[in-house]
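Peer 1:
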Amino acid sequence: MNKSLIKVGTIVTMDPARRIIRDGGIVLAGNRIERLLTATEVQALRQFDGEVVDCGRLVAIPGFVQTHLHLCQTLFRGLADDLSLLDWLRLKIFPFEAAHDAQSMYASAMVGIAELIRSGTTTILDMGSVQHEEEVVRAIAETGLRAFVGKAMMDLNDVYPKLKEATQQSLDTTRRQAEQWHGSSEGRIKYAVAPRFVLSCSDKLLRDAYELTKSTPGMLFHTHAAENRSEIEAVRKRCGVDNIEFFDSINILHSNTCLAHCIWLNDREVGLLCDRKAKVLHCPSSNLKLGSGVARIPELLSKGISVSLGADGAPCNNTLNMFEEMRLAALIQKPQHGPHVMRAQTVLEMATLGGAAALGLEKEVGSIEPGKKADVLLLDIEQPWNPYETSDVYSSIVYSGSPENVESVLVDGRWLYKNGEHSTLDSSRVVSSAREQLRLLLQRTN
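Just remember that the numbering used here sits 502 ahead of the position in the sequence shown, which is counted from 1.
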């Protein structure tokens, strides 16, 4: 088994003791972390049987875990601005997604992955579109990202009928995909059954989709919930109750249920999320840009509800940058709840350990600890805008950090980005292909 030693200025472990190790080392054995070395142990080391990577004053943190993304939408960045959710879907996103072919879907996934890796994300939970999910999986497999994937399931769509399937077809396709891809790429890729949201899914589709998750350990149920006031009014009209209450009434609210947004919750629903141990996927940039609202995150956290972070799709955010999600997650709560809430360490926990726990991967990733997978992010945070020696390391990352600080990214013991360069993709070629495939997709849309 190949071994390597990464020597760094600071290791932000995110272990149970939240240790910060100065001038230490990370020993890797294959794709796992074997042990951590203190400064004294590094200095005493006379010989190491393997590669030694001296990263000087860089800071090592766990790779970011983004728990809600749409790689299928990355091509549409900047083409759906200044719209509320339902109009955004009806006028822009549904027509664009319906126009995808295999080539444009692959290009969309690749350009999104290039951005994610470049900005330090190592694990994602992604919701695809109705067609061409195999191209998203191909892109993830080729580039080395860790991911949960799942095609979007929709058997209702009055506003754009071209983008829906028959109920049984959607279920059968999802079942086949889950059997094929859950645990593929040496375990890096897993499956998340992904009905889009209540208004695009029949009760039968939602119930039977959740049943599929029971067939395989580690499979997730991924959907949107309580994102927009108009959406909630439509859900209440159809179901007679609010979004989370409805999910509970049809028995799909459980510990493997991952719910994006959860902005407009009533008090009973907060209790249900807590009791059922469902996971909340917080997307602050998207929620602000679509004008959807500000989720009650401090309250959810205070009740022990799992909350993690995601950028959502590029056309409702315009960036897939976890640094921005962390900063906004902290700042948007402070005017209402006070400057003491959403401290930098809490937010970094949401972006690493919290994301891992939401995906059931807390024993594998989310912290730099012996036995865990070698998913590590190396940051150069000694920059003119970030004088590291005079500041708290959590603050430097959450409030001052950006993709410009990302120097290297390691996933499963493999360098996906090293010394400022992609290792598993050609970024210029990816961007060129995305530009051409967008041109062709827009022709098909018109």
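Even for Gly, the Cβ is constructed at its ideal location relative to N, Cα and C.
1. Is F550 helix, strand or coil by DSSP?
2. Mark M655 as exposed unless 16 or more other C-beta atoms lie within 10 angstroms of its C-beta, in which case mark it buried.
3. Buried or exposed: where does N730 fall if 16 or more other Cβ atoms within 10 Å of its Cβ makes it buried?
4. Taking the C-alpha atoms as reference points, what is the distance between A609 and E637?
5. Quick check: L927 and E909, are their CB atoms within less than 7 Å of each other?
6. May I ask you to list the residues that DSSP assigns as paired with F566?
7. Count the other CB atoms within 10 Å of the CB of N504; is the residue buried (16 or more) or exposed (fewer)?
8. Taking three-plus beta-carbon pairs below 8 Å as touching, is the segment 903 to 921 in contact with the segment 834 to 853?
9. Going by C-alpha to C-alpha distance, which of A519, R521, F550 sits closest to V529?
10. Please name the residue, chosen from W683, H602, K716, A797, that lies closest to A727 on a Cα-to-Cα basis.
11. Cβ atoms of D517 and E864: under 7 Å apart, would you say?
12. Have a look at E826 and L627 and give me their C-alpha separation to the nearest angstrom.
13. Please work out which residues of its chain come closer than 7 Å, Cβ to Cβ, to C557, disregarding the five sequence neighbours upstream and downstream, and give them in chain order.
14. So the alpha helix (DSSP H) T848 belongs to, where does it begin and stop?
15. Skipping 5 residues on each side, what residues in its chain have a beta carbon closer than 6 Å to that of K664?
16. With E536 as the anchor, note down where its beta strand (DSSP E) starts and where it stops.
17. Answer yes or no: do Q633 and Q939 have a C-beta to C-beta separation smaller than 7 Å?
18. So the candidates are P800, I807, I734, G526; which of them puts its Cα closest to the Cα of C760?
19. According to DSSP, is G527 part of a helix, a strand, or is it coil?
20. Would DSSP call L792 helix, strand or coil?
21. Is A649 helix, strand or coil when you go by DSSP?
22. CA-CA distance, S687 and G622?
23. Please state whether the Cβ-Cβ distance between G793 and S586 is less than 7 Å.
24. Name the two residues that bound the continuous alpha helix (DSSP H) containing L811.
25. Quick one: any contact between the segment 784 to 791 and the segment 761 to 769, if contact means 3 or more CB pairs under 8 Å?
26. So what does DSSP say about Q575, is it helix, strand or coil?
27. Only counting the same chain, and skipping five residues up and downstream in sequence, which positions put a Cβ closer than 7 Å to that of R640?
28. With DSSP as the reference, identify every bridge partner of F723, one or two as the case may be.
29. Which word fits G580, buried or exposed, when buried means at least 16 other C-beta atoms lie within 10 angstroms of its C-beta?
30. Report yes if the C-beta of E637 is less than 6 Å from at least one heavy atom of the ligand ATP; otherwise report no.
31. Does I870 come out as helix, strand or coil in the three-state DSSP assignment?
32. Could you tell me the distance, in whole angstroms, from the CA atom of V913 to the CA atom of I642?
33. CB-CB under 6 Å to L943, same chain, minus the five flanking residues each way: which ones, in chain order?
34. Measure from the alpha carbon of A736 to the alpha carbon of each residue in V700, S704, S672, P800, then state which is nearest.
35. Who are the near neighbours of R592 in its chain, counting only those whose CB is closer than 8 Å to its CB and skipping five residues on each side?
36. Are D877 and T569 touching if we call contact CB-CB under 7 Å?
Peer 2: In terms of the structure at hand:
1. The residue labelled residue 550 in the question sits at position 48 within the sequence shown. Under the three-state reduction of DSSP, F550 is assigned to coil, being neither helix nor strand.
2. Translated into positions along the sequence shown, residue 655 becomes position 153. So M655 ends up on the buried side.
3. Stepping through the sequence shown from its first residue, residue 730 is reached at position 228. Flag for N730 reads buried.
4. Residue mapping note: residue 609 aligns to position 107 of the sequence shown, counting from 1. Residue mapping note: residue 637 aligns to position 135 of the sequence shown, counting from 1. Going from the Cα of A609 to the Cα of E637 covers about 9 Å.
5. Sequence index remark: in the sequence shown, residue 927 carries index 425 (1-based). Sequence index remark: in the sequence shown, residue 909 carries index 407 (1-based). Against a cut-off of 7 Å, the Cβ pair of E909 and L927 comes out as no contact.
6. As a first step, residue 566 must be located in the sequence shown, where it is residue number 64. T623, per the DSSP bridge assignment.
7. Position 2 of the sequence shown, counted from the first residue, corresponds to residue 504. Looking at its Cβ environment, which holds fewer than 16 other Cβ atoms inside 10 Å, N504 is exposed.
8. no
9. In the sequence shown, counting from the first residue as 1, residue 529 sits at position 27. Here the closest residue by C-alpha is F550.
10. Residue mapping note: residue 727 aligns to position 225 of the sequence shown, counting from 1. With distances taken between Cα atoms, A727 lies closest to A797.
11. Against the sequence shown, residue 864 aligns to sequence position 362. Against the sequence shown, residue 517 aligns to sequence position 15. No, the pair does not count as a contact, with Cβ atoms beyond the cut-off.
12. Numbered from 1 along the sequence shown, position 324 holds the residue referred to as residue 826. Numbered from 1 along the sequence shown, position 125 holds the residue referred to as residue 627. Cα-Cα distance, rounded: 18 Å.
13. Position 55 of the sequence shown, counting from 1, holds the residue named residue 557. Around C557: I508, K509, V510, L880.
14. As a working mapping, residue 848 is identified with position 346 in the sequence shown. Where T848 is concerned, the enclosing alpha helix (DSSP H) stretches over 846 to 851.
15. Here residue 664 is taken as the residue at index 162 of the sequence shown, counted from 1. The answer, listed in chain order, is A600.
16. Position 34 of the sequence shown, counting from 1, holds the residue named residue 536. Where E536 is concerned, the enclosing beta strand (DSSP E) stretches over 534 to 539.
17. Reading the sequence shown from its first residue, position 131 is the one you call residue 633. Reading the sequence shown from its first residue, position 437 is the one you call residue 939. Not in contact: Q633 and Q939 (Cβ atoms no closer than 7 Å).
18. In the sequence shown, residue 760 corresponds to position 258, counting from 1. Per the Cα distances, I807.
19. Locating residue 527 in the sequence shown gives position 25, counting from the first residue. Three-state DSSP puts G527 in a strand.
20. Numbered from 1 along the sequence shown, position 290 holds the residue referred to as residue 792. Of the three classes helix, strand and coil, the one that applies to L792 here is coil, per DSSP.
21. Counting from 1 along the sequence shown, the entry for residue 649 is found at position 147. Of the three classes helix, strand and coil, the one that applies to A649 here is strand, per DSSP.
22. Residue 687 sits at position 185 when you count from the first residue of the sequence shown. Residue 622 sits at position 120 when you count from the first residue of the sequence shown. Spanning the two alpha carbons is a distance of roughly 20 Å.
23. Here residue 793 refers to the residue found at position 291 of the sequence shown. Here residue 586 refers to the residue found at position 84 of the sequence shown. Their beta carbons are under 7 Å apart, which means G793 touches S586 by this criterion.
24. Along the sequence shown, one-based indexing puts residue 811 at 309. Counting along the chain, L811 falls outside any alpha helix (DSSP H), though it belongs to the beta strand (DSSP E) covering 808 to 811.
25. yes
26. Within the sequence shown, residue 575 is the residue found at index 73, counting from 1. Reduced to three states, the DSSP call for Q575 is helix.
27. Here residue 640 refers to the residue found at position 138 when the sequence shown is read from its first residue. Closer than 7 Å at Cβ, skipping near neighbours: Y608.
28. What you label residue 723 is simply residue 221 of the sequence shown in a count that begins at 1. F723 is bridged to V695, T759.
29. Within the sequence shown, the letter at position 78 stands for residue 580. It is exposed - the Cβ of G580 has fewer than 16 other Cβ atoms within 10 Å.
30. Judged by which ligands are present, the structure shown has none, so any question about the ligand ATP falls away.
31. Stepping through the sequence shown from its first residue, residue 870 is reached at position 368. Here I870 sits in coil by DSSP.
32. Locating residue 913 in the sequence shown gives position 411, where the first residue counts as 1. Locating residue 642 in the sequence shown gives position 140, where the first residue counts as 1. One C-alpha to the other measures close to 12 Å.
33. The residue labelled residue 943 in the question sits at position 441 within the sequence shown. Counting only Cβ-Cβ distances below 6 Å, and skipping sequence neighbours, we find A601, S606.
34. Within the sequence shown, residue 736 is the residue found at index 234, counting from 1. Ranking the options by Cα distance to A736, first place goes to V700.
35. Here residue 592 refers to the residue found at position 90 of the sequence shown. These residues qualify, in order along the chain: V661, Y662.
36. Your numbering for residue 877 matches position 375 in the sequence shown. Your numbering for residue 569 matches position 67 in the sequence shown. No, they are not a contact pair.
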